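S.K.:
In the working numbering, the protein residues as written are 235 to 438.
1. Excluding five sequence neighbours on each side, which residues of the same chain lie with their C-beta closer than 8 Å to the C-beta of residue 404?
2. Which of helix, strand or coil does DSSP assign to residue 390?
3. According to the Cβ coordinates, are residue 330 and residue 347 closer than 8 Å?
4. So, at 8 Å on beta carbons, what are the nonlocal neighbours of residue 321 in its own chain, with the 5 sequence-adjacent residues on each side left out?
5. Quick test of your reading: residue 265 and residue 248, contact by CB under 8 Å. State the CB separation rounded to the nearest angstrom.
6. Can you give me the C-alpha to C-alpha distance between residue 261 and residue 317, rounded to a whole angstrom?
7. How many angstroms separate the CA atom of residue 362 from the CA atom of residue 297?
8. Check for me: the alpha helix (DSSP H) holding residue 371 runs from which residue to which?
9. What do you reckon, are the CB atoms on residue 312 and residue 332 nearer than 8 Å?
10. Would you give the residue range spanned by the beta strand (DSSP E) that residue 296 belongs to?
11. With three or more beta-carbon pairs closer than 8 Å as the criterion, would you say the region 272-284 touches the region 299-309?
12. Checking the sheet assignment: what are the DSSP bridge partners for residue 348?
13. If I'm right that residue 325 touches residue 351 with Cβ under 8 Å, what's the distance once you round it to whole angstroms?
14. Which of helix, strand or coil does DSSP assign to residue 335?
15. Where does residue 341 fall in DSSP's three states?
16. What does the alpha-carbon distance come out to for the pair residue 269 and residue 383?
17. Let me make sure I understand the geometry here. Which of 392, 365, 401 has the alpha-carbon closest to that of residue 378?
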């Protein structure tokens, strides 16, 4: 039984990684196929890396969003947030889907909340062993500061905000892999104890 469970977990992890890669190279249809297979097997599945967590329904919703299927994306992202309300990428893309569907008031609320939440989360990592690996050049945080300042203004360019929010989602996903790679390289270089970065496929 343990062997079968391990094989199933390995297959699910492989499906997720294939979907993530497809999403990162702008193949949302291919990504969605992989993510739906994962969700069918385990609807509570999540990718975790260090202290970062992203649910499978976030991935499903993000793929649907990039396919222009905003109503479906909203349902998937709301489902993800019902499982874990600190999934900031779920909140970010929910805001984007709302905005692109015409509900800019609710969309802005979700986008702002996601940006502030993600910013505060990265700030909190400063006091953890993972902090040195996440956004060391403050690229994500600096852009988020600018976006939050722009939102607080009376008028702002919605097209610019949407583009910047999409960049934030993509860049954060890249940062997961970059931080994990840096942790691994530091471990082999310095002989530090691993901090379980790269644990993939833990359920909520």
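For each residue, glycine too, the CB sits at the ideal point set by N, CA and C.
Since the model is a prediction, treat every value here as computed from it, not as a measurement.
M.R.: On the basis of the supplied data:
1. So the qualifying residues of the chain are 258.
2. Per DSSP, reduced to three states, the secondary structure at residue 390 is coil, with no helix or strand assignment.
3. No, these two residues do not count as a Cβ contact at 8 Å.
4. Beyond the five residues adjoining it in sequence on each side, residue 321 comes within less than 8 Å, by CB distance, of 287, 288, 289, 292, 314, 315 in the same chain, given in chain order.
5. Not a contact, Cβ separation roughly 14 Å.
6. Pairing residue 261 with residue 317, the inter-Cα distance amounts to about 26 Å.
7. Computed Cα separation, rounded: 31 Å.
8. Annotation for residue 371: no alpha helix (DSSP H) segment contains it, and DSSP assigns it neither H nor E.
9. Contact flag unset, no.
10. Segment 290-300 is the alpha helix (DSSP H) holding residue 296; no beta strand (DSSP E) there.
11. Remark: fewer than three beta-carbon pairs, one from each stretch, lie closer than 8 Å, so the region 272-284 and the region 299-309 are not flagged as touching.
12. Bridge partners of residue 348: none, in fact.
13. Between residue 325 and residue 351, the beta carbon gap of about 7 Å places them in contact (Cβ cut-off 8 Å).
14. The three-state secondary structure of residue 335, taken from DSSP, is coil.
15. Here DSSP, grouped into helix, strand and coil, assigns residue 341 to helix.
16. Each residue's alpha carbon lies about 34 Å from the other.
17. The candidate whose alpha carbon is nearest that of residue 378 is 401.
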